[in-house]
Each structure stands twice: as C-alpha cells, then as structure tokens.
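In order, the protein sequence lines correspond to chains A and B. For the first sequence, position 14 (counting from the first letter as 1) is numbered 14 according to the working numbering, and the numbering increases by one without interruption. For the second sequence, position 136 (counting from the first letter as 1) is numbered 1136 according to the working numbering, and the numbering increases by one without interruption. Scroll down for the structure; my scribbles are underneath it.
There are 2 protein chains.
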Amino acid sequence: MKAVILASGQGSRMGYRSKPLLKVAGRRIVDRTIILLKPHVDEFVFVVRSDNREIEDYLEKNWKGKVKYRVVKNPVPERGNGYTFLLASEAVGKERFILTMGDHVYSKEFVEKAVKMRGLIGDFRPRYIDVDEATKVRVKDGRVYDIGKKLKDFDCVDTGFFVLDYRAFEAAERVAERKEVVELSDVIRELKPEVSEVSGEFWMDVDTPEELKRAKKLLIRLSVKGRGDGFISRHLNRKISTRISELLVDHLTPDQATLLAFFVGIASALLVFRNLAVAGIVYQLSSVLDGIDGEIARASLRTSKFGEWMDSVLDRYVDFSFLLAVAVRYFSFYQKYGLGEKGMVALVMFALMGCVMVSYSTEKFKASYRKSAYECINVLNCIPGKRDERIFVEMILCLLNLPVLLLAVIAMLGNARVAATIVAVRAWDVR
Amino acid sequence: MKAVILASGQGSRMGYRSKPLLKVAGRRIVDRTIILLKPHVDEFVFVVRSDNREIEDYLEKNWKGKVKYRVVKNPVPERGNGYTFLLASEAVGKERFILTMGDHVYSKEFVEKAVKMRGLIGDFRPRYIDVDEATKVRVKDGRVYDIGKKLKDFDCVDTGFFVLDYRAFEAAERVAERKEVVELSDVIRELKPEVSEVSGEFWMDVDTPEELKRAKKLLIRLSVKGRGDGFISRHLNRKISTRISELLVDHLTPDQATLLAFFVGIASALLVFRNLAVAGIVYQLSSVLDGIDGEIARASLRTSKFGEWMDSVLDRYVDFSFLLAVAVRYFSFYQKYGLGEKGMVALVMFALMGCVMVSYSTEKFKASYRKSAYECINVLNCIPGKRDERIFVEMILCLLNLPVLLLAVIAMLGNARVAATIVAVRAWDVR
C-alpha cells in the first residue's frame, strides 16, 4: 500500500511555514507519520507547495535511503487540499492507498486500527479534539452522506485518515472540473466513501500553538496508560513525572533520562551518609524521575528494547546502592535492637533479596511466558510491594529516622510479595 | 491434514503386545506421536489389531476429548503393514496426510521439519539407528527407485515418516490384489513417491529392550543440546546429571526434580553451620541436580513455562541461602581480614547482588528482546561467571576453608559479569 500525505498547507496561525515539521512531544509531525505508517506502507507520496523546499530538504536529510518516498509539487496550493490530493494521482496509480494530513498527529493505537479499515476513518467518540473546529460527517448506510465543518446533525468526526482507491482521484477530478477551489471535503462529498470507525483513540490536528502544547501534554499523559504502575506511582509519581516529561520531552533523549534517574538514585545513596531524611526524599525523587525515560520514549516514539533493559538493570543497582548505604551506615544499630551482628547481616541480605526478587520474578515471567505478568494475573496489581511503593515507604522511614525498620520492612514486603507471586502464578498457570 | 498411525504390530521381541504403549524416557510412544503431531494435524487415524483393545482403551482414557482421533480395526494383521495401511483409506479420504509408524520415536526437531516435506522422508546421514537393521532407499530423480532392508546400494534410510495422498492407497490396493502379505515397502515400491530429506535428527524404531534403553539415553543426551551451559556444566555437571536423569526420567516429574534440587540446595546452606567443606560439596551436587528437571522435561516432552519460571526463582533463593549461611556463620571473620564490620556487610551485599544480577540481566534481556541473550550475543557464552561456574568455585573455596574469599570472588565475578553484559548488549544492540 502507498500513503499519500498532504503537506501543502500554510500553517499561517503557527508562525511557521511547514506544519509537518513542527515538533510535537519531541518528534516532528512528519517523522511521527512516517514511523507509524512505515510498517504498513511501501511508499510515501508527499504533496508539498512548490514555493517551499523545507519539507523536501528535511526528507532528503533524514529519511533518504530509509524509506521509499516521492515528493509531488503543488504549484497552486491556493486551489485547496482537494486539488493537492488530486496531484498525487499519478504517483499512486490504481492500488489501494492511505490518505492522511501532514499536520495531523496520530497515536500508534489509532494508526494500527485505522490501516486495517476502509474509506473515511471516523471517530464517533472524539475525546481529544475540539469538536466545534472539526470536520463533521453524517453517515447513511455505512457511507458518507454529508461532510463539513458546520454540519449540525452529524454522526462522527473526520480524523483526516482515509483508506481509498483510484475512484477517489476520479471524484477529485470531477469536482476540479466544476470548481476552482477544491476542498478535500468536496471530494469526499462527491465520492461518498464508506465510513469505518476508530473511536476514542488519540489523534489531533495541530493548528495553533495552544493545540501544539495540548498535543504534547496528551501524548505524555497517554504514554503512562496501562503501565502496571503501583499505588504511589498512579497517585503521586506519575502526576509529577508527566509534568517534568512535558518540560523535558523536547530536550532529553530517553537514554539521557534513564541516566538522570540513575545518578539521582546513586546520589540519594551517598546522601545516606550525610542526612537520612534528605537521602530518603532524593531517593523518592529518583523514583519519580524513573518514570520519565519511559514517558519520553513512548510519547516521542523512541522506545527501544535496550532502553527498557538498561533501565531495569540500573534500577536494581540504585535500589542496591541505597540499601547498601543504609546497611553500612547503620550497621552498628544492631546493638540498639538486640539483633546481634549475625541477625543484622541476615536482615540486610533478606532486604536486598526481597527488593531484587520482586522485579526478578515478574521479568522472568515475561521471559518464560512472553506476556506481562501484570496483564495476565490481575491480583499482582493489588499486592503491595512494587518498587514505587517500596521506595515511598523507605522515604517515610528515612524521615522518621528508622533505618533498621526500613530494612525489616523491605525484607518483609519484598519476599512476601515474591511468595505471593509464586502462589498467584501457579494458580493462574493451572487455571 | 490427518495422520495415519500404523499400530497393528506384535512387539513380540519386547514381551509386550502393544509397542506404541511402551514408555520411552518417561512418555509412551503413542503419546509422543500425538504430542508432536498435534499442532500439525486435525485428526489421527490409528489402525490397530482387532484382537487387542489395549491401544483403543488407552486412547479413550487419555486422549478422548483432547484430540480428534479414530480407531480403525485390522482383523488380519498377518497380511502385513502395507495392508494395515490400506485399511485407513476410508477414514482419510482424498486429502494429503501424514503416515507414521506406531513404534517409532521422533524428536520434535525431526517432526517439525518432516511435516513440511512430501513423500518418503529419508535420512541421508542416520546418526542414531543401526543401519543394518533399517529399511534402505535407493533414490533416482528425486523419487524412490527401490526400497528394502537388504539393499546393498542405497542413498538414504526410510524414517517411517511419510507425507502422502490418496494415490498411496491406490498403490496399496494394486499390491493387495497381487499379494496376500503386503509390506509397506511393497506399497512404496509400487508408488515410487518423491523422497524428502530430513537428515541427522533423532528418530528411532524401538524393537528390542536394548533399543528402548538406547532411545531413552539418547533423548536425555539430546535434551542438553544448545542450553547455553557454562564450562563446568558442559564438562562436569551434565555428564553426571544426564546419567541421573536416565535413572529418574520414568519415575520423577520435572516439577519434582525442581523441588529435589531446591531442597538439596537449602540443605547445603544449612550444612554451612556444620561443615563448610561438606556444604560446598552438597551445593555443587545441587547444581548438578539443577540440570535434571530440564533434562527430564525436554526428554519426556513435559516442558512447561511454569516449570522454567519456578526453577529460576528457586535457584535464586538457593544461591541466596548459601551466601546467607556463609555470611552469618563467618561474619566475625572481618576481624581476621581487617575489613571492619561495615566492610564485611558491604562485601556480603555485593556478593548477593552479583549473584542475582547475572541471572537478572539475562532474563530481563529475554523479556525485552524476546530472544535468548546467549543465542544473540556469543561473547556472553565466553565470559565466566555463570551459575555452574560460580558454584564450582564456591565449592573449591569451601574445601579450602576460605569463606570470606568466597564472598569476595562471587562479588567480583558476578558484578563484573553484569558490567561486561551491559557493554556486550549495548555493542550488540547498536551493531
């Protein structure tokens, strides 16, 4: 399948000449479109204004040799985007193709559903856009009955994403013979294609700086969905980390964010030797920052397996460092609690083991079953003892200056969670 | 595709009436055939002697409702297995089908290659059978030219596995019109089917008690192949564990073997408080036993994701227990080495962390990349520090009565291996 990207718009309200080159959450819109459509498309056809080489130059610099694409020039962008569309006709030929707008931002989920559909992709429950500004569609017998921004009575909203064939060009040609300015909605009204539903997924057209900001914010928020977060993460950490991610997404790569959280974590361990309360707070801060790499990665379509792997390994060493620091600094407290040095060393080892094994048991689950334990076994989301929860408790105990209790709680919480995981996995496996 | 299983033989040399019911490495031959063919077949057709209900009863008890099968009765097994085959004709119909012998044992690798082939599946480099006893095949123009046990000049050996169609029944019918006793080789000689090659994989027909023993031994040995074992495992542990597995495969489930190794491991940790040398030897013994669950599971086609998961989690707790025991018993040795109690507690924690993280980093790799790190990154097979190697070194240091050095070596070996893994994964990822 080919994909036609209409990129002849002015973007006048943005103070930019080429809207597809705008960065939304760390990625230019055109890169988003290419990355998301690439697995489904064998050639891209960009229709650009002939008086502006920006997009052409950008594609040549960044995508040449990586994807197959063609640039079609539009000398008369003032004739409307329906006419722009018609210009792609020759480059596309007879086969089925995807048509989408160069200034629209789509989520991966949207694209993966939409590419399997046909006709106009309509959103029947738009959640992320201003419906007043949107192009509305009236549907009858599964096909477009009417389309326009001012429709009072409508069924869905035009997402700017279509799966069409040569008949769409024929319709555009018929309209172009009648009219000088041809809007895409004129073509769709003429064609009356079928309407397919992809509702509730994220997509947006970016017309104003406010919408750009909004799109960024939404992409970061959506990057958190379904992450198997613990209680503290859901109700505290993510509320802070998403705000930080919004600020940093255009400036930091996910790998840099991973390293940032790692170094803050190591710093918190070193701080144990200075001030336990401050150390606890900085540790909790590192736990907040730990969410950022993933948020930035998903929002900017930069997730990588190496990033996921490295993040987990470094997290374990941060947790290790903090426990190590607490154990070393407060080792002699065994006298205070009547533990004996042997009891204390056992406590420390149980704490470290519990802490690492919670993660080990779920990662090994994923390695064995090739599925996320949190998605398969719901009860694992309810048992406490996840990293965000442990670190929060550790902070509280640091603030209360109870380092030995901290070790005891981690030892209990961690190993009890592993024991519960064994029971839960067994029960799930033989179900 | 259907599968025809010829099961009318006498098995006179085995002292059994139904050879398909023989247990080979913990599984009856008929169960092996069903388990391995199940993913590729929608119905099984068993042709059995009408004077023996054993197979029919067994299938009804164990497979009814689990796979679709049909039993065809052969009132005249003395007419030969070519005639037995002909009796399946009605149950099979016109479509392509698999034909195989009820007394043949195949490996998973063999079956997965063979089901994609056509005609007679020939082994051009038989490694596991006695060629003198085998049915030989002369090939010409890609087809069977001649077939028989006594062929002097031959190209491959008949594996008893065929992918045929209705023309094979027609050939059998023609032979049956001419002859009273119809061997399958007569049918093949008449049909002259194409010959497909699956060479060097394990398959065997089991005719004598010696062959039964040999098949068991080979299945156990083959279960070890490509396991990403460390040096000690390859050269010591597996040599012992496979022999134990041969003894136990008919008596122990893989889960029981996992628990056995676990309890021996925990016992070794408890022994630290009695006698370090004995503890070290028992720990090494548990490392040997740790191979058995996997060997039994693979040889008896009983691998399970839960088994794999549980085994790994329990291994971590065995290693933890042993280090814990050493740390607790020998904690006061810090004085001897001038470490200070803080130094000692740090050493203990580094040892535990290194020990767990070697496994964590490779399991997390599998979770992220959905591939085995050992298969992707060859250098990981060369860096020392795998579990089998660590435990062997621990045993040596126990025998030398050097518990603190043991902790230091594990701390170094483990964490250095993790560091090396990070470098290796990074290099591999950006390749």
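All C-beta atoms, glycine included, are put in the ideal place defined by N, C-alpha and C. Please read these numbers as outputs of a predicted model, since none were measured by experiment.
>> Just to confirm, is the Cβ distance from residue 99 of chain A to residue 191 of chain A under 8 angstroms?
In response: What you label residue 99 of chain A is simply residue 99 of the first sequence in a count that begins at 1. What you label residue 191 of chain A is simply residue 191 of the first sequence in a count that begins at 1. For residue 99 of chain A and residue 191 of chain A, no; Cβs fall outside 8 angstroms.
>> Please give the ranges of any beta strand (DSSP E) in the segment 1149-1234 of chain B, keeping only runs that are unbroken, at least 3 residues long and fully inside the region.
In response: 1156-1164, 1195-1197 and 1203-1205
> If the cut is a Cβ gap below 8 angstroms, which residues of chain A does residue 1363 of chain B touch?
Replying inline: On the second sequence, residue 1363 of chain B is found 363 positions in, with the first residue counted as 1. Those are 360, 363, 364 and 367, listed as they occur along chain A.
> If you scan the segment 1332-1404 of chain B from start to end, which runs of the alpha helix (DSSP H) of 4 or more residues do you find wholly inside it?
Replying inline: 1340-1369, 1373-1376 and 1387-1399
>> Can you tell me whether residue 335 of chain A is buried or exposed? The criterion is at least 16 other CB atoms within 10 Å of its CB, across all chains shown.
In response: For the purposes of this step, residue 335 of chain A is taken as the residue at position 335 of the first sequence. Counting Cβ neighbours within 10 Å, residue 335 of chain A comes out exposed, since fewer than 16 surround it.
> Along the chain, where does the beta strand (DSSP E) that runs through residue 3 of chain A open and close?
Replying inline: For the purposes of this step, residue 3 of chain A is taken as the residue at position 3 of the first sequence. Start and end: 2-7.
> For residue 71 of chain A, which three-state DSSP category applies?
Replying inline: To locate residue 71 of chain A, count along the first sequence from 1; it is residue 71. Three-state result, residue 71 of chain A: strand.
> Where do the ends of the beta strand (DSSP E) carrying residue 1106 of chain B lie?
Replying inline: Sequence index remark: in the second sequence, residue 1106 of chain B carries index 106 (1-based). Its beta strand (DSSP E) spans residues 1104-1106.
> For residue 1352 of chain B versus residue 353 of chain A, is the C-beta spacing smaller than 8 angstroms?
Replying inline: Position 352 of the second sequence, counting from 1, holds the residue named residue 1352 of chain B. Position 353 of the first sequence, counting from 1, holds the residue named residue 353 of chain A. In this structure, residue 353 of chain A lies closer than 8 angstroms to residue 1352 of chain B by Cβ.
> Cβ of residue 286 of chain A less than 8 angstroms from any chain B Cβ?
Replying inline: Along the first sequence, read from residue 1 onward, the residue named residue 286 of chain A stands at position 286. Answer no: the Cβ-Cβ gap between residue 286 of chain A and chain B never drops below 8 angstroms.
> Name the DSSP bridge partner or partners of residue 1064 of chain B?
Replying inline: In the second sequence, residue 1064 of chain B corresponds to position 64, counting from 1. Answer by DSSP bridge pairing, in chain order: B:1067.
> According to DSSP, is residue 423 of chain A helix, strand or coil?
Replying inline: For the purposes of this step, residue 423 of chain A is identified with residue 423 of the first sequence, where counting begins at 1. If DSSP states are grouped into helix, strand and coil, residue 423 of chain A belongs with the helices.
>> Which residues does DSSP list as the beta-bridge partners of residue 101 of chain A?
In response: Here the question's residue 101 of chain A lines up with position 101 in the first sequence. Paired residue(s): A:6.
> Just how far apart, CA to CA, sit residue 173 of chain A and residue 1305 of chain B?
Replying inline: The residue you call residue 173 of chain A lines up with position 173 of the first sequence. The residue you call residue 1305 of chain B lines up with position 305 of the second sequence. Cα to Cα, residue 173 of chain A sits roughly 59 angstroms from residue 1305 of chain B.
> Would residue 1357 of chain B count as contacting chain A if we go by Cβ distances under 8 angstroms?
Replying inline: Here residue 1357 of chain B refers to the residue found at position 357 when the second sequence is read from its first residue. By this cut-off, residue 1357 of chain B is an interface position.
> Cβ atoms of residue 1425 of chain B and residue 1377 of chain B: under 8 angstroms apart, would you say?
Replying inline: Counting from 1 along the second sequence, the entry for residue 1377 of chain B is found at position 377. Counting from 1 along the second sequence, the entry for residue 1425 of chain B is found at position 425. Yes, these two residues count as a Cβ contact at 8 angstroms.
> Three or more beta-carbon pairs under 8 angstroms between the segment 1150-1164 of chain B and the segment 1047-1058 of chain B, yes or no?
Replying inline: no
> Is DSSP giving residue 122 of chain A helix, strand or coil here?
Replying inline: Here residue 122 of chain A corresponds to residue number 122 of the first sequence, with the count starting at 1. Strand at residue 122 of chain A.
>> Rounded to the nearest angstrom, what separates residue 1429 of chain B and residue 359 of chain A at their Cα positions?
In response: Mapped onto the second sequence, residue 1429 of chain B falls at position 429. Mapped onto the first sequence, residue 359 of chain A falls at position 359. Cα to Cα, the separation comes out at about 23 angstroms.
>> Give me the chain A residues within the contact set of residue 1308 of chain B, using Cβ-Cβ distance strictly less than 7 angstroms, ordered along the chain.
In response: As a position in the second sequence, residue 1308 of chain B is number 308, starting the count at 1. Result: 368.
> I think residue 1265 of chain B touches residue 1321 of chain B, with their Cβ atoms under 8 angstroms apart; what is that distance to the nearest whole Å?
Replying inline: Taking the second sequence and counting its residues from 1, one reaches residue 1265 of chain B at position 265. Taking the second sequence and counting its residues from 1, one reaches residue 1321 of chain B at position 321. Residue 1265 of chain B to residue 1321 of chain B, Cβ: 7 angstroms. Contact.
>> With three or more beta-carbon pairs closer than 8 angstroms as the criterion, would you say the segment 100-116 of chain A touches the segment 24-41 of chain A?
In response: yes
> Do three or more CB pairs link the segment 1286-1297 of chain B to the segment 1233-1247 of chain B at distances below 8 angstroms?
Replying inline: yes
>> Strictly by DSSP, which residues pair up with residue 1143 of chain B?
In response: Taking the second sequence and counting its residues from 1, the one referred to as residue 1143 of chain B is at position 143. DSSP, once it has assigned bridges, lists B:1140 and B:1194 as partnering residue 1143 of chain B.
> Taking residue 1298 of chain B as the reference, which of B:1003, B:1027 and B:1004 has the closest Cα?
Replying inline: The residue you call residue 1298 of chain B lines up with position 298 of the second sequence. The shortest C-alpha separation from residue 1298 of chain B is found at B:1027.
> For residue 1322 of chain B and chain A, any beta-carbon pair shorter than 8 angstroms?
Replying inline: Counting from one through the second sequence, the residue named residue 1322 of chain B turns up at place 322. Cβ-Cβ to chain A under 8 angstroms: no for residue 1322 of chain B.
> Counting contacts by CB-CB distance shorter than 8 angstroms, is residue 1352 of chain B in contact with chain A?
Replying inline: Walking along the second sequence from the start, residue 1352 of chain B turns up at place 352. Yes, its Cβ sits closer than 8 angstroms to a Cβ of chain A.
>> Between the alpha carbons of residue 1125 of chain B and residue 1023 of chain B, how many angstroms are there, rounded?
In response: On the second sequence, position 125 is the one that residue 1125 of chain B refers to. On the second sequence, position 23 is the one that residue 1023 of chain B refers to. So the alpha carbons of these two residues sit roughly 26 angstroms apart.
>> Am I right that residue 356 of chain A and residue 1361 of chain B are in contact with their C-beta atoms under 8 angstroms? What's the rounded C-beta distance?
In response: By 1-based counting over the first sequence, the position of residue 356 of chain A is 356. By 1-based counting over the second sequence, the position of residue 1361 of chain B is 361. Not quite, the Cβ-Cβ distance comes to about 11 angstroms (not below 8 angstroms), so this is no contact.
> Would you say residue 1147 of chain B faces chain A, with C-beta separation under 8 angstroms as the test?
Replying inline: Here residue 1147 of chain B refers to the residue found at position 147 when the second sequence is read from its first residue. It does not: the Cβ of residue 1147 of chain B has no partner Cβ on chain A nearer than 8 angstroms.
> Using the beta-carbon count (16 or more within 10 Å), is residue 202 of chain A buried or exposed?
Replying inline: As a first step, residue 202 of chain A is located in the first sequence; it is residue number 202 there, counting from the start. Residue 202 of chain A is buried by the Cβ-count criterion.
> Does the Cβ of residue 1150 of chain B have 16 or more other Cβ atoms within 10 Å, making it buried, or fewer, making it exposed?
Replying inline: Within the second sequence, the letter at position 150 stands for residue 1150 of chain B. Result: exposed.
> What distance in whole Å lies between the Cβ atoms of residue 399 of chain A and residue 277 of chain A, which are believed to be in contact at a cut-off of 8 angstroms?
Replying inline: Here residue 277 of chain A refers to the residue found at position 277 of the first sequence. Here residue 399 of chain A refers to the residue found at position 399 of the first sequence. 5 angstroms between Cβ atoms; contact.
> Expressed to the nearest angstrom, what Euclidean distance is found between the alpha-carbon atoms of residue 1372 of chain B and residue 1423 of chain B?
Replying inline: To locate residue 1372 of chain B, count along the second sequence from 1; it is residue 372. To locate residue 1423 of chain B, count along the second sequence from 1; it is residue 423. One C-alpha to the other measures close to 17 angstroms.
> For the beta strand (DSSP E) that contains residue 1045 of chain B, what are its first and last residues?
Replying inline: The sequence position of residue 1045 of chain B within the second sequence is 45, counting from 1. Counting along the chain, the beta strand (DSSP E) containing residue 1045 of chain B begins and ends at 1043-1049.
> In three-state terms, what does DSSP make of residue 316 of chain A?
Replying inline: Mapped onto the first sequence, residue 316 of chain A falls at position 316. If DSSP states are grouped into helix, strand and coil, residue 316 of chain A belongs with the helices.
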